[in-house]
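Novice: Dropping the structure in here first, questions after.
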Amino acid sequence: MKDLKIKVVPVVSGERLIGVLSYKGILMSSAGRMTKVKSVMEPPYSINFMSSLDDAIAKFVLWKAKASPVVDDGNRLVGYLSREDLMNFLLINRLLPNLYVKDVMTSPAITIEGSESIARARWLMLRNGVSRLPVINRLGSIEGVISMTDIVERIYIIRLTRRRGFEQFEEEFLAAPVKEFMSSPPIYVLPNQTLEDVVKTLSNYRITGMPVIDGGKVVGVVSGVDVLKAYAKQLIYEELVEAKIPQTLRVDELVKSQVETLVNEYLSDIRRITNVINFSINVREESKGGRKRYGVRTRLVCDEGVLTSEGVGWDLLSAVRDSLEKLEKRIKKLVSRGKELRRSKSRKHI
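In the numbering used here, the protein residues as written are 755 to 1104.
This is the structure we're talking about:
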């Protein structure tokens, strides 16, 4: 993955796709040098080789995918498609919408100070469903960028060592300040640059996203999926539904934005393994031991049926994540069980 600079690797058995391996999956696990791929791979998702460009882009947006295996009608791996492939096609064929960065960027951005630890950067990425963080100084000026790739590759190199005490080296790395491992100077764009500028910059530097800077301050972030989403909005795809937090909830706009980002990140993962028909989230405030606590109920309607999940937490993000993690585990188990039943029936008919 590092040598080829790819974020997703198809996992096959007898030419047939059985899963995908990603940096996110590695980061969320405690994978070491002897860890088997099957123990950290994610459920398979793919695009059929006969799909149209518009269908492929719509799926990339729904899944927030960085890349996808391409399979034939027999689920045999025949190729690989990335965001960069799609964006470059739109660029070369002059199909990019006539929009500016400020029209498509995500704002406000989740940032981290250079003096904060790598462990906190990892926590922020997993907590908020993002793969890179702009690094700022105490005055709020941009200094660099730290990415999930930076963290995963460093941790894995440490775990690959045969020397005893590698756990200590990993702890030292996680305790180190972000500024020691960030990419600097940062690659960025300005709010008034075009989508063409975004695609050229992402492609030239082989990155998936970057901060948006105005007056030396971070005002947002923009990624390849934002570019594809801008194109997809021209299409007739009613299923591009995203979760929104009720306006009546008494939390600031930054927290609401973080929650919506987290929810839609989980929805993207779920959409890769099942057809999402409808999704809703209900948030309530309650008191526990004199402290305010949040309760979250999520409801998913998909091809497998209707699933609900409850989560609680002292802060809203923790409660939302608790509910979504339970929901994702249930749907993965349900989908896996369905596949096993179909394989069992198929063997009986042979």
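Glycine included, C-beta positions come from ideal geometry on N, C-alpha and C.
How would you label Pro1012, buried or exposed, when you count the other beta carbons within 10 angstroms and need 16 or more for buried?
Specialist: Per the sequence presented here, residue 1012 reads as Gln, with Pro not at that position. By the neighbour-count rule (16 or more Cβ atoms within 10 Å), Gln1012 is buried.
Novice: Would you mind reading off the limits of the alpha helix (DSSP H) that contains Phe1033?
Specialist: Where Phe1033 is concerned, there is no enclosing alpha helix (DSSP H), although the beta strand (DSSP E) it sits in stretches over 1030-1042.
Novice: Decide if Lys820 is buried, meaning its Cβ has at least 16 other Cβ atoms within 10 Å, or exposed.
Specialist: Counting Cβ neighbours within 10 Å, Lys820 comes out buried, since at least 16 surround it.
Novice: Inspect the beta-carbon positions of Ile896 and Gly970 and report whether they are closer than 8 Å.
Specialist: Yes, these two residues count as a Cβ contact at 8 Å.
Novice: With contact counted as at least three CB pairs below 8 Å, one residue from each stretch, are the stretch 838-850 and the stretch 950-961 in contact?
Specialist: At 8 Å Cβ cutoff, the stretches touch.
Novice: From the DSSP output, in three-state form, read off Arg1045 for me.
Specialist: Looking at Arg1045 - three-state DSSP - the assignment turns out to be strand.
Novice: Mapping the DSSP letters down to three states, classify Thr955 as helix, strand or coil.
Specialist: Residue state, collapsed to three classes: helix.
Novice: Taking 8 Å as the threshold (C-beta atoms), are Met964 and Val972 in contact?
Specialist: For Val972 and Met964, no; Cβs fall outside 8 Å.
Novice: What residues in its chain sit with their C-beta under 6 Å from that of Val815, if we drop five residues either side in the sequence?
Specialist: So the qualifying residues of the chain are Leu982, Lys983, Ala986.
Novice: Starting from the Cα of Glu1014, find the closest Cα among Asn842, Val824, Trp817, Asn882 and give me that residue.
Specialist: Ranking Asn842, Val824, Trp817, Asn882 by Cα distance to Glu1014 puts Asn882 first.
Novice: Helix, strand or coil for Glu924 per DSSP?
Specialist: Helix.
Novice: Quick one, are the C-beta atoms of Gly773 and Val762 less than 8 Å apart?
Specialist: No.
Novice: Mind the definition here: the stretch 1073-1089 touches the stretch 1036-1052 only if three or more C-beta pairs lie below 8 Å; say whether that holds.
Specialist: Yes, the stretch 1073-1089 touches the stretch 1036-1052.
Novice: Assign Val884 to one of three DSSP states: helix, strand, or coil.
Specialist: Correct three-state label for Val884: coil.
Novice: Go through its chain and collect everything with a Cβ distance to Tyr854's Cβ below 8 Å, but skip five positions before and after it.
Specialist: Correct list, in chain order: Pro945, Asn946, Gln947, Thr948, Leu949.
Novice: Just reading off the beta strand (DSSP E) that Ser901 is part of, what are its end residues?
Specialist: Taken as a continuous stretch (DSSP letters only), the beta strand (DSSP E) holding Ser901 covers 896-901.
Novice: Comparing C-alpha positions only, which one of Tyr942, Gly978, Asp951 sits nearest to Ile967?
Specialist: Closest option to Ile967, Cα to Cα, is Tyr942.
Novice: Residues in the same chain with beta-carbon distance under 7 Å from Glu1039, minus the five sequence neighbours each way, listed in chain order, please.
Specialist: Around Glu1039: Lys1046, Tyr1048.
Novice: Short of 8 Å in beta carbon distance, which residues of its chain neighbour Gly868, apart from the five on each side in sequence? Order them along the chain.
Specialist: Closer than 8 Å at the Cβ level, and outside the excluded window around Gly868, lie Val889, Ile890, Asn891, Glu897, Gly898, Pro931, Val932, Lys933, Met936.
Novice: Please work out which residues of its chain come closer than 6 Å, Cβ to Cβ, to Gly1067, disregarding the five sequence neighbours upstream and downstream, and give them in chain order.
Specialist: Answer for Gly1067: Tyr1048, Ala1073, Asp1076, listed in chain order.
Novice: Which whole-angstrom value is the C-beta distance of Met902 and Met879, which I expect to be below 8 Å?
Specialist: Yes, Met902 and Met879 are in contact; Cβ-Cβ is about 6 Å, under 8 Å.
Novice: So the candidates are Glu1064, Ser1034, Lys1042, Gly1043; which of them puts its Cα closest to the Cα of Leu1054?
Specialist: Minimum Cα distance to Leu1054 is reached at Ser1034.
Novice: Could you pull the start and end residues of the beta strand (DSSP E) that Asn767 belongs to?
Specialist: For clarity, residue 767 is Ser in the given sequence; the question names Asn instead. That run of the beta strand (DSSP E) goes 762-767.
Novice: For a minimum of 4 consecutive residues, which ranges assigned as the alpha helix (DSSP H) are wholly contained in the stretch 794-857?
Specialist: The stretch 794-857 contains these whole alpha helix (DSSP H) runs: 807-817, 837-846.
Novice: Using the three-state DSSP reduction, which class does Thr1052 fall into: helix, strand or coil?
Specialist: DSSP places Thr1052 in strand when its eight states are reduced to three.
Novice: Spatial neighbours of Glu1082 within its chain, please: CB distance less than 7 Å, with the 5 preceding and 5 following residues excluded, ordered by chain position.
Specialist: Result list for Glu1082: Tyr1020, Asp1023, Ile1024, in chain order.
Novice: With a 10 Å radius around its C-beta and 16 neighbouring C-beta atoms as the bar for buried, classify Arg886 as buried or exposed.
Specialist: Burial call: buried.
Novice: Out of Gly894, Leu893, Trp877, which has the shortest C-alpha to C-alpha gap to Ile905?
Specialist: Closest option to Ile905, Cα to Cα, is Trp877.
Novice: Which first and last residues belong to the beta strand (DSSP E) in which Lys983 is found?
Specialist: That residue, Lys983, is in no beta strand (DSSP E); its alpha helix (DSSP H) goes 978-986.
Novice: Which residues in the same chain have their Cβ closer than 7 Å to the Cβ of Ser800, if we skip the five residues on either side of it in sequence?
Specialist: So the list reads Leu771, Ser822, Pro823, Val824, Val825, once near-sequence residues are dropped.
Novice: Starting from the C-beta of Ala778, find all residues in its chain whose C-beta is less than 6 Å away, skip the five residues before and the five after it, and write them out in chain order.
Specialist: Contrary to the premise, residue 778 reads as Lys rather than Ala in this sequence. Excluding residues within five positions, none has a Cβ falling inside 6 Å.
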